[in-house]
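> Under the working numbering, think of the first position of the sequence shown as 569, with each following residue one higher.
Glycine is no exception: its CB is placed at the ideal position from the N, C-alpha and C atoms.
My questions will all concern the structure given below.
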Amino acid sequence: MRPESGKEKFKCPHCQTLATQRWFGVGNASKIAKDILHHFYLDYRTGLADYFQENIKSFLKDVDRDFQRSFTSFVPSGFSLSTCSSCQNYCLWVDKELKYPKLTSLPAPNSDLDDEIKELYVEATNILMDSPKGATALLRLALQKLLKQVGKSGKNINSDIKELVAEGLSPKIQQALDLLRVIGNNAVHPGQINLDDNSDIAHKLFSILNFIAEELITKPKELDELYSGLIPEETQEHIKQRDKSTAT
């Protein structure tokens with residue numbers, strides 16, 4: 569369910585969750601401001617004498633009248649915000665058109681990535697159209713953290729890739745890693761690849777990061793779950809003993 573102005577629920581472009589949205593705009597600006605003010609005075613009134621209570625009620629009545637008359641003049645016409653109930657991030661709408669974040673056709677981040685990596689991925693999608701170089705730099709950082717997630721140091725991408733290759737990494741995954749590493753380095757430091765003139769390269773790197781995550785995280789995880797769920801523990805122990813004897 570794509571984001572749509574005024575809709576009570578849609579798929580949040582930030583967290584990719586189908587979630588309820590809270591709206592703020594010209595239509596309900598004064599009501600929201602009044603609700604906040606009334607809530608503030610609700611706590612305040614509990615410790616006051618009755619004659620003070622009446623003064624506050626009179627004050628709030630005057631405020632309500634003034635809000636109705638003039639508060640909406642402080643809210644731009646055609647402007648509205650929707651806030652996601654799942655991630656608390658907001659979308660900015662102008663004349664019912666989504667202005668932030670910008671929608672793209674990019675896939676969502678792999679669900680098995682750590683939350684910190686997903687946030688970098690989503691941030692990169694938000695700036696891709698305006699700054700392919702910036703988006704690529706964020707994906708390079710995401711790759712660095714992905715390598716840490718799979719047990720490497722996460723300090724030097726090249727060294728981490730070298731370790732994975734020594735452990736028997738598939739050449740195709742190695743190519744994907746080095747592709748994202750080299751292009752990411754060009755985004756951070758001046759190089760031969762001009763990302764500002766070729767945003768298609770940056771666009772494809774999102775799928776490459778997801779491909780790496782699928783091969784290094786998702787598939788091993790699914791295999792471990794199948795192995796532990798389908799093979800009896802006694803058989804697993806026999807396999808361990810077999811492998812130990814083979815090693816010696």
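Cα separation between F774 and Q717?
A direct Cα-to-Cα measurement between F774 and Q717 gives close to 18 Å.
> Taking the C-alpha atoms as reference points, what is the distance between S573 and S650?
8 Å
> Only counting the same chain, and skipping five residues up and downstream in sequence, which positions put a Cβ closer than 6 Å to that of T693?
Hits under 6 Å: T672, L674.
> In three-state DSSP terms, what is T651?
Here T651 sits in strand by DSSP.
> Which term fits L798, buried or exposed, when burial requires 16 or more other beta carbons within 10 angstroms of its beta carbon?
Per the 10 Å Cβ criterion, exposed.
> On a CA-only basis, which of N753, N726, A755 is nearest Q742? Give me that one, please.
Ranking N753, N726, A755 by Cα distance to Q742 puts N726 first.
> Do you know offhand how far V631's Cα is from I624's?
Between V631 and I624, the C-alpha separation is close to 10 Å.
> Kindly indicate which three-state DSSP category G593 falls into: helix, strand or coil?
strand
> Sort Y689, L784, L666 by Cα distance to K772 and report the nearest one.
Y689
> Given a cut-off of 9 Å, decide if L707 and L732 are closer than it, judged by their beta-carbon atoms.
no
> Just to check my reading of the structure: G722 and K730 have Cβ atoms closer than 8 Å, yes? What is that Cβ distance to the nearest angstrom?
Actually they do not touch by this definition, with Cβ atoms about 14 Å apart.
> Give me the residue from V756, N754, F779, I769 with the minimum Cα distance to K740.
F779
> Which word fits Q545, buried or exposed, when buried means at least 16 other C-beta atoms lie within 10 angstroms of its C-beta?
Beyond the ends of the chain as shown, which are 569 and 816, falls residue 545; an answer cannot be given.
> Among A781, E665, A587, S813, which has the Cα closest to the Cα of C652?
A587
> Name the residue from A744, N724, G719 whose alpha carbon lies nearest to the alpha carbon of E735.
G719
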